[in-house]
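Chemist: What follows is a structure written as structure tokens; I'll ask about it next.
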Amino acid sequence: MTLTATRFDWVRQLVHRESAIVLAPGKEYLVEARLLPLARRMGLSDVDQLVDAVRSRPRPDETRQIVEALTTNETSWFRDGDPFTGLTSTVLPALQAARGPAERLQIWSAACSSGQEPYTIAMLLEDALPGAASRVTITATDISREMVERTRAGRFTQLEVNRGLPAPMLVRHFQRAGSEWEVAPGLRRMVTARECNLAAPLPRMGPFDVVYLRNVLIYFDLPTKQAILRRVRELMRPDGWLFLGAAETTLGVDDSWSRVVLGRTSAYRPLKGA
Numbered sequence: 001m002t003l004t005a006t007r008f009d010w011v012r013q014l015v016h017r018e019s020a021i022v023l024a025p026g027k028e029y030l031v032e033a034r035l036l037p038l039a040r041r042m043g044l045s046d047v048d049q050l051v052d053a054v055r056s057r058p059r060p061d062e063t064r065q066i067v068e069a070l071t072t073n074e075t076s077w078f079r080d081g082d083p084f085t086g087l088t089s090t091v092l093p094a095l096q097a098a099r100g101p102a103e104r105l106q107i108w109s110a111a112c113s114s115g116q117e118p119y120t121i122a123m124l125l126e127d128a129l130p131g132a133a134s135r136v137t138i139t140a141t142d143i144s145r146e147m148v149e150r151t152r153a154g155r156f157t158q159l160e161v162n163r164g165l166p167a168p169m170l171v172r173h174f175q176r177a178g179s180e181w182e183v184a185p186g187l188r189r190m191v192t193a194r195e196c197n198l199a200a201p202l203p204r205m206g207p208f209d210v211v212y213l214r215n216v217l218i219y220f221d222l223p224t225k226q227a228i229l230r231r232v233r234e235l236m237r238p239d240g241w242l243f244l245g246a247a248e249t250t251l252g253v254d255d256s257w258s259r260v261v262l263g264r265t266s267a268y269r270p271l272k273g274a
């Protein structure tokens, strides 16, 4: 059954209000595909019934599930590669030179999905930085409670580890847990996962030396992008580094950043006095 225009508009407004994500006209098929499993779990036959039920008797848990179902959780290990190469080749040496030996490095993986990005960072730093478990804190956040819980668990299926995780790293940093793979305890101690809505006032965190905010801004309108970049900058060290997705930039969005070319990728740094 095709989602009616009125019901789609209600879902679109709900998602924008709660997460600032923009669902453009033409995304009705996406809404139906993502919400049908939720409708079935609630004992309803289709998405129209789900929308009508939640509209008539709004409950925070059900509206949250709708919003979470419509957020994108596409991820993989070492996704896009170059931002991780830039971390170890340029950013980490620069931070080591600027920080005292007793200072902890704080890294934020925003919109972490099920945890592949923060654990990728953790593996790289454990291999590159002696005693990384006691010198690095990685904060992993996501709007989805389910994704945060999965990141905390640090467990991945064989299919998930097959998506970009080199076999030597799997052997070195994971252990078998039944039919799944579990991140080694040392890596898990480096990663703290928590819920965070980037489009709302951010919790007290940081200050961060490095922020990975990749493949997130593309889902927001310009004012929301500007607000997110401003709030992220406020949580960063003055000489911190920001990684965005390959299709994202601060140029023309927020002029308070300088772009630094790192091989085949770029990073952004807060401008002094901005």
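Using the UniProt record's numbering, the first residue of the sequence shown is number 1, and each one after it goes up by one. By construction, the Cβ of each residue, glycine as well, lies at the ideal position given by its N, Cα and C atoms. This structure is a prediction, so every number in the text was calculated from the model and none was measured.
According to the neighbour-count rule (16 or more other Cβ atoms, all chains shown, within 10 Å of its Cβ), is Gln158 buried or exposed?
Modeler: That one is exposed.
Chemist: Roughly how many angstroms separate the alpha carbons of Glu62 and Ile21, rounded to a whole number?
Modeler: The straight-line gap from Cα to Cα measures roughly 18 angstroms.
Chemist: Taking the straight line between their C-alpha atoms, what separation do you get for Arg189 and Gln49?
Modeler: One C-alpha to the other measures close to 44 angstroms.
Chemist: Helix, strand or coil for Gly240? Go by DSSP, reduced to three states.
Modeler: Here Gly240 sits in strand by DSSP.
Chemist: Quick one: residues in its chain with C-beta nearer than 6 angstroms to the C-beta of Leu125, no 5 flanking neighbours on either side, listed in chain order?
Modeler: Excluding positions up to five away in sequence, the list reads Ala132 and Val136.
Chemist: Tell me the DSSP secondary structure of Thr192 in three-state form.
Modeler: If DSSP states are grouped into helix, strand and coil, Thr192 belongs with the strands.
Chemist: Under a three-way DSSP split, which group does Ala111 fall into?
Modeler: DSSP places Ala111 in coil when its eight states are reduced to three.
Chemist: Helix or strand or just coil, what does DSSP make of Leu229?
Modeler: It is helical.
Chemist: Suppose the cutoff is 6 angstroms on Cβ atoms and the five residues either side in sequence are ignored; what does the same chain contact list for Ala193 look like?
Modeler: Cβ neighbours of Ala193 beyond the five flanking positions: Ala140, Val148, Thr151 and Arg152.
Chemist: Figure out for me which residue from Arg55, Ser113, Arg163 and Ile218 has the closest Cα to the Cα of Asp9.
Modeler: Looking at the Cα atoms, Arg55 is the closest of the given residues.
Chemist: How would you label Ile218, buried or exposed, when you count the other beta carbons within 10 angstroms and need 16 or more for buried?
Modeler: It is exposed - the Cβ of Ile218 has fewer than 16 other Cβ atoms within 10 Å.
Chemist: Entirely within the segment 130-179 and at least 4 residues each: give me those alpha helix (DSSP H) ranges in chain order.
Modeler: Listed in chain order, they are 132-135, 145-153, 158-161 and 167-173.
Chemist: Could you spell out the range, first to last residue, of the alpha helix (DSSP H) harbouring Tyr29?
Modeler: Unbroken alpha helix (DSSP H) run through Tyr29: Glu28 to Arg41.
Chemist: Taking the beta carbon of Glu234 as the centre, do at least 16 other beta carbons fall within 10 Å, making it buried, or is it exposed?
Modeler: Glu234 comes out exposed.
Chemist: From Asn197, Glu32 and Ala246, pick the residue whose C-alpha is nearest to that of Gly81; which is it?
Modeler: Gly81 has its Cα closest to that of Ala246, out of Asn197, Glu32 and Ala246.
Chemist: Can you pull the DSSP bridge partners for Leu105?
Modeler: Beta-bridge pairing links Leu105 to Val136.
Chemist: Along the chain, where does the alpha helix (DSSP H) containing Asp48 start, and where does it finish?
Modeler: That run of the alpha helix (DSSP H) goes Val47 to Ser56.
Chemist: For Leu262, name the three-state secondary structure that DSSP assigns.
Modeler: Strand at Leu262.
Chemist: Is the beta carbon of Ser109 closer than 8 angstroms to that of Ile121?
Modeler: Taking 8 angstroms as the Cβ cut-off, Ile121 and Ser109 qualify as a contacting pair.
Chemist: Select from Pro185, Gln226 and Ala167 the residue whose C-alpha is nearest the C-alpha of Leu251.
Modeler: Of the candidates Pro185, Gln226 and Ala167, the one whose C-alpha sits nearest the C-alpha of Leu251 is Gln226.
Chemist: So for Val91, helix, strand or coil by DSSP?
Modeler: DSSP places Val91 in helix when its eight states are reduced to three.
Chemist: Is there contact between the segment 197-207 and the segment 160-179, where contact requires at least three CB pairs shorter than 8 angstroms?
Modeler: Short answer: they don't touch.
Chemist: Just verifying my parser: in three-state terms, what is the DSSP assignment at Glu248?
Modeler: In the structure shown, Glu248 sits in coil (DSSP, three-state: anything other than H, G, I, E or B).
Chemist: Run the CB neighbour count on Leu30, radius 10 Å, all protein chains shown included, and call it buried at 16 or more, exposed below.
Modeler: When all chains shown are included, Leu30 counts as exposed.
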